[in-house]
Structure formats: structure tokens, C-alpha cells
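Notes for the one structure printed next.
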């Protein structure tokens, strides 16, 4: 009976559905795209370096050899490679964190930037710098811890405001997030201005708009570790995330400990956001756009969506950073400026579509 | 599995919503919960699928208190169809039904052939075979409820809990869904607004009023004009259904039983 049902089911199942490529194929394509984007990002810029030279410089760099004379090894290995890798790591992290945040608040308009979490992280990081807690070792652990604390606090605040009066509507959540985010950004601005020249590390623009300009090999380790651990933690909860989309009661009936899952998601989201913001500032809209785009291709099942969103986020941010570096001839744009230019219209489109559906 | 709700009390933000509730559904029995809005039907059901924790009393499924089981163990015994509608996240029908396998899976475990077979069989049972790739959010209300029932069946539960499963469905889809339920021959706890549907689908009815069970028994025993007047505030005659022989309630839609006169 079962075998019969299966074969008949599969046979008939080909109609009436969007075509969906296998997640493995999508990941393979995105993996290749990431390698191409990384190579392009290292090749292009104020000085052009041919791809062959890039890869030989990478080989020399990895094997610890000295720079070959007459090559661009220094630019490639010390500046561009870490920057391209940071873009990939931050992009992957933002894609994952956006996916998790959207499932957590059951709202496809969520993203750490819109929900004010990034602003909280920025404020935490800046406050730590101004108070002189920023050192915290070469890995920037102190800075990231402060950013994490800021992220967690602002997320909790937005959550509490949005849930007042029971339940939450998408618009209410976004408004609460944007409002609180602006409030916290105001504080950040103030602190950066107050600190003046003493705040040598980064400008207000860095914290509020996001930039990958500060990339070094030393700052790569912590965000990479955080993104890998975050990805594993979320992947382990992928089925539970699916269940959560159907509602708290359904999730409970499916054997998910909803309260505990929420706590885990709160912490993972805030931790990732905090670490990412501490190395790249608050880059907006990547966490919003990436899950949306990926859902259109592989659907909403988190077991497939999470890896695809991570990879696509990496590719997207590497490309966007390349654009930000090379669009203007005399100076580079902060990467967050470019993501906002793409992302804000995307948000308006999504909001419009959503409101239309609700009415 | 025999399911017994024993002396249940639930308190929500300081207010006791239900108390002293005792309901037993024998193996394979369909137990209906009926009562006016706010009488506590959903609250009782939520303790069975562990969304709410009882303040006092317990829910025993088979031989175990559901609160003594792990969340996954409980979900392998009890599947539920709550009233919530979920959200639009580009899930396909098959993905929604496959969620029913959640309590059987460890972290990182993929779906195997058995899961695929269970999902296909569940879709077949609700008449949705071949529709697995459609977008869940594009389904009609009736299809949606059938898919959600398939998700519950994919949990391979001993007990089904359904909270107003026929809400927002047209008559034909109501009849189809309830017929599907009867075919299941599983122990079922179901809250229903439609008393005539409850009378024909349920083996036993439990009438809730202001958070307490005020009557339990077969539909014929329970659904009397006196009870309908007292609990539901309506005048009605109870006759025999000309086709099925079930009790049929004929409401008098013209004159309600006098209640407190509303202040204009």
C-alpha cells in the first residue's frame, strides 16, 4: 500500500508547482560564483592585478613565502584578500542572521538592521571604545562582547515594544525596530562626536553605515568562527525553524520546545550581529534581501534555505563591496551606502506587496 | 490511545480559565468539546498538545502524563491542528506535511525513504496526492485544512487534537473534512462550533460552560433543549435527522432565550 502510494504520488507530483532546483546544485553554483567573485574582487581596484598573479600570490601567502620581487603581493595578500574574505564572511553571516530573524519573528520583513539589532550592536561597540574597553586582545573580543550585549538589549527592547498588546503585526515590528534603531543610532553619533580624535579606530560613518575598509588578517578569525558556529547551530534547528513558521502552537504540537528555541535564536542572532558589526559596522538590508531571493529559488524549507542564504549572502557582499570600491574613481563608498541604495527600494516593494495582500 | 484529562485547571495571567475539567476519550473514540465562545475549549485542548501547562490536574495519554514525556515523545503520541494560520514563507505542500516528521528526527537528520512514504501516504489519505509541489499559501481554505490534517497524520499519532478544524470552510469542505476524520478511527479530541456536525461526528460530547464541563455523554443524551437554552442561550428543538438518524438541532432563529438585557 505504501509503495504503491509513493510511486503514484511521485508520478503525479510533477504538476502545479514552481520548479525548484536541488539545493546541492544551487550550493555548487554559488560556491563557484563565490570563487569567481573573490578573485574578481582581489583583481580589480585602483591597481589591477591579473587573476594568475592573484592566485600565485595567494599560494605564496598561504605557504608563508616571501613576496616575489616586482609583484603586487603586498596589495593582494595584505589588503585585498583579507578584505574580500571579510566581505564573504560578513555577507554569509548577514544572510544567515536575516533568515533566522525572519523565522524568529515570523515576519519576512525582518532583518537585523531593520529590527534595530545592528544599531544596538554599534552603540555597544562605540560605548566600549569610548570607555576604553575596546582593547580586549588582538581578536577584538572586548569590542565584540560589547556589541553582542548591545544587540541583545536592543533586540529585547524592540521585541517587548512590538509585542505590547499581544501578538505582533509586521508593520508594528518594523516601525518599532526602525524607531528604536534611529534612537540608538542618535546615541552612537553623539558618542563618536564626543570622543573626537581620541576615537581613532573608526568614524561614525563606519558604525552607522558599515564598511569593510578595516579588514586585516587579524580581524578575520573571530567573525569566521562565529559565522561557522552560528551556521551549525541554525542548521541543527532547521526543522524546528520550519515548525515555528506555522505558529507557536503548531510548533509545540510538533515537539518543539518553543520557549527554548526562541532563546537560542535570540542569542545566536544577537551574537552573530554583534560580532559582524564589531568588524564591519551596521551594514543594512543584506539580511533582508538575501533570504527573500533565496526563498524564491529553493523555497522556504530552512534545511535548504540556510546554506543557500549563507552562500548567496557571501557572494552578494563580495560583489557589492567590489562595486563600492570601484564605482567612483577618486574615492570608495562605504559598503553600507550601496546596500542601502539597493535594499531600501527592495524593502518598499516588499512592504507594498504585503500590505496589498492584507487588504 | 486512551486519553484522560483529569481535574484540569489552567490559569492565564492570574485568571482561572478552566477548572475541574475531566474528559476521557477511550481508545479510538471521537470526543467532542462544545460550548459557547470563551468557554475554555481551546484552552483544554492546548494542554493536551503541550502548548499550555496545567496549573493543576494532568493529561494522561496512554499510560503517561504528557508533561512527563519529552516534547518529541509527546509529539509522537499526540498530533494537533490548532486554529492558527501560519505565515507565508514559500513552503510547498509537501514541506508542510513533512513537518509532521519533526518529532522523529535528530538535528541534521535528513528525510529518508520512510519519511517520503509516510508523507505521500498522508497526502493520499486527505485526497491531495500529486499536489505536493504546490505552494501552501496558494491553496484554498479547504485544501489548506486538509494539508494541515495530513501534516498531523504524518506524525503517526495515537491521538488527534483538532481545534475548530471546519472554521471558515464551506459546507462541502466541512463535510469532507469530518468524513475524513471519521475514517481515521483514531482517538480524537475535537472542538466544534457546529453542534449538528458535533452530533454526527462525535461518539461522546463534553459541554463546556464558563471553564467547566457541565454535561458529558452521547450526543443524544447531552443535546437537549434545556441544555441548549441554559448553556448556549438559544431556543431549539432536537429531532431525528431524516437521513442519518443522528440528533438534529433545529434552532429557532427568531427568538433567543432572554438573557441579561443589553444596555443600549
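Residue numbers (the UniProt record's numbering), protein chains in the order written: chain Y, 1 to 359; chain H, 1 to 264. Quick reminder that beta carbons are idealized off the backbone N, C-alpha and C, glycines included.
Bridge-paired residues (DSSP) for residue i
| i | result |
| --- | --- |
| residue 59 of chain H | H/5 |
| residue 163 of chain H | H/191 |
| residue 32 of chain H | H/190, H/205 |
| residue 282 of chain H | Past the boundaries of the shown model lies residue 282 of chain H; chain H is included only from 1 to 264, so the question cannot be answered. |
| residue 119 of chain H | In DSSP, residue 119 of chain H forms no bridge with anything. |
| residue 213 of chain H | H/208 |
| residue 10 of chain H | H/18 |
| residue 254 of chain H | The partner list for residue 254 of chain H (beta bridge, DSSP) is empty, contrary to what the question assumes. |
| residue 20 of chain Y | Paired residue(s): none; residue 20 of chain Y is not in a bridge. |
| residue 85 of chain H | According to DSSP, residue 85 of chain H bridges with nothing at all. |
| residue 65 of chain H | H/60 |
Given residue i as reference, the closest of the options once Cα atoms are compared
| i | options | result |
| --- | --- | --- |
| residue 87 of chain Y | Y/117, Y/280, Y/206 | Y/280 |
| residue 240 of chain Y | Y/143, Y/129, Y/256 | Y/256 |
| residue 109 of chain Y | Y/234, Y/288, Y/141 | Y/288 |
| residue 35 of chain H | H/87, H/170, H/208 | H/208 |
| residue 225 of chain H | H/234, H/218, H/217 | H/234 |
| residue 62 of chain Y | Y/46, Y/81, Y/49, Y/48 | Y/81 |
| residue 36 of chain Y | Y/131, Y/314, Y/325, Y/193 | Y/314 |
| residue 37 of chain H | H/223, H/211, H/241, H/28 | H/211 |
| residue 10 of chain H | H/52, H/39, H/27, H/1 | H/52 |
| residue 75 of chain Y | Y/95, Y/94, Y/53, Y/90 | Y/53 |
| residue 193 of chain Y | Y/132, Y/346, Y/126 | Y/126 |
| residue 4 of chain H | H/222, H/132, H/144, H/64 | H/64 |
| residue 121 of chain H | H/6, H/176, H/156, H/231 | H/156 |
| residue 74 of chain H | H/175, H/228, H/146, H/61 | H/61 |
| residue 128 of chain Y | Y/337, Y/191, Y/292, Y/164 | Y/191 |
| residue 178 of chain Y | Y/90, Y/116, Y/56, Y/22 | Y/116 |
| residue 363 of chain Y | Y/273, Y/29, Y/245 | With chain Y covering only 1 through 359, there is no way to say anything about residue 363 of chain Y. |
| residue 284 of chain Y | Y/34, Y/183, Y/346, Y/248 | Y/346 |
| residue 90 of chain Y | Y/296, Y/238, Y/230 | Y/230 |
| residue 223 of chain Y | Y/250, Y/147, Y/293, Y/324 | Y/147 |
Range of the contiguous alpha helix (DSSP H) that encloses residue i
| i | result |
| --- | --- |
| residue 151 of chain Y | 141-163 |
| residue 149 of chain H | 141-154 |
| residue 256 of chain Y | Neither: residue 256 of chain Y is in no alpha helix (DSSP H) and is coded neither H nor E. |
| residue 93 of chain Y | 81-104 |
| residue 327 of chain Y | Looking at the DSSP string, residue 327 of chain Y is not in any alpha helix (DSSP H), and its letter there is neither H nor E. |
| residue 51 of chain Y | 51-62 |
| residue 296 of chain Y | 286-298 |
| residue 41 of chain Y | 23-43 |
| residue 244 of chain Y | 238-245 |
| residue 124 of chain Y | 117-130 |
| residue 182 of chain H | 171-184 |
| residue 219 of chain H | 219-222 |
| residue 105 of chain H | Here residue 105 of chain H belongs to no alpha helix (DSSP H), and DSSP marks it neither H nor E. |
| residue 47 of chain H | 41-48 |
Cβ-based neighbour list, residue i, same chain, cut-off 8 Å, excluding 5 preceding and 5 following
| i | result |
| --- | --- |
| residue 60 of chain Y | 66, 67, 68, 73, 77 |
| residue 267 of chain Y | 152 |
| residue 54 of chain H | 8, 9, 10, 47, 67 |
| residue 291 of chain Y | 95, 98, 99, 102, 108, 305, 309 |
Close-in-space but distant-in-sequence residues of the same chain around residue i (CB under 6 Å, 5 per side omitted)
| i | result |
| --- | --- |
| residue 83 of chain Y | 212, 215 |
| residue 31 of chain H | 25, 189, 204 |
| residue 13 of chain Y | Residue placement at residue 13 of chain Y is flagged as unreliable, the pLDDT there being 42, under the threshold of 50; the coordinate-derived value follows with that caveat. Nothing listed; no residue qualifies. |
| residue 148 of chain H | 81 |
| residue 92 of chain Y | 227, 310, 313, 314 |
| residue 265 of chain Y | 100, 104 |
| residue 161 of chain Y | 176 |
| residue 138 of chain Y | Low local confidence applies: a pLDDT of 49 at residue 138 of chain Y is under 50, so the model's placement there is unreliable, with the coordinate-based value given in what follows. Around residue 138 of chain Y: 218. |
| residue 70 of chain H | none |
| residue 168 of chain H | 141 |
| residue 2 of chain Y | Because residue 2 of chain Y carries a pLDDT of 41, less than 50, the predicted location of this residue cannot be relied on, and the following value inherits that uncertainty. Counting only Cβ-Cβ distances below 6 Å, and skipping sequence neighbours, we find nothing. |
First and last residue of the uninterrupted beta strand (DSSP E) at residue i
| i | result |
| --- | --- |
| residue 22 of chain H | 15-25 |
| residue 78 of chain H | 78-81 |
| residue 93 of chain H | Counting along the chain, residue 93 of chain H falls outside any beta strand (DSSP E), though it belongs to the alpha helix (DSSP H) covering 93-98. |
Cutoff 7 Å; reference residue i; Cβ partners in own chain excluding five residues on either side
| i | result |
| --- | --- |
| residue 51 of chain Y | 39, 43 |
| residue 152 of chain H | 79, 80, 81, 100, 160 |
| residue 199 of chain Y | Annotation note: pLDDT 48 at residue 199 of chain Y (below 50); position unreliable, no value reported. |
| residue 239 of chain H | 248, 250 |
| residue 254 of chain Y | 243 |
| residue 27 of chain H | 1, 2, 187 |
- Is the segment 105-125 of chain H touching the segment 315-333 of chain Y, taking contact as three or more C-beta pairs under 8 Å? no
- Does the pairing of the segment 204-214 of chain Y with the segment 121-135 of chain Y give three or more beta-carbon distances under 8 Å? yes
- Task: Kindly confirm or deny that the segment 37-57 of chain H and the segment 126-137 of chain H touch, where touching means at least three C-beta pairs closer than 8 Å.
- Result: no
- Query: Taking three-plus beta-carbon pairs below 8 Å as touching, is the segment 269-283 of chain Y in contact with the segment 218-227 of chain Y?
  - Reply: Cβ pair count under 8 Å is three or more, so yes.
- Task: Count the CB pairs spanning the segment 98-113 of chain Y and the segment 297-309 of chain Y that are closer than 8 Å, and state whether there are at least three.
- Result: yes
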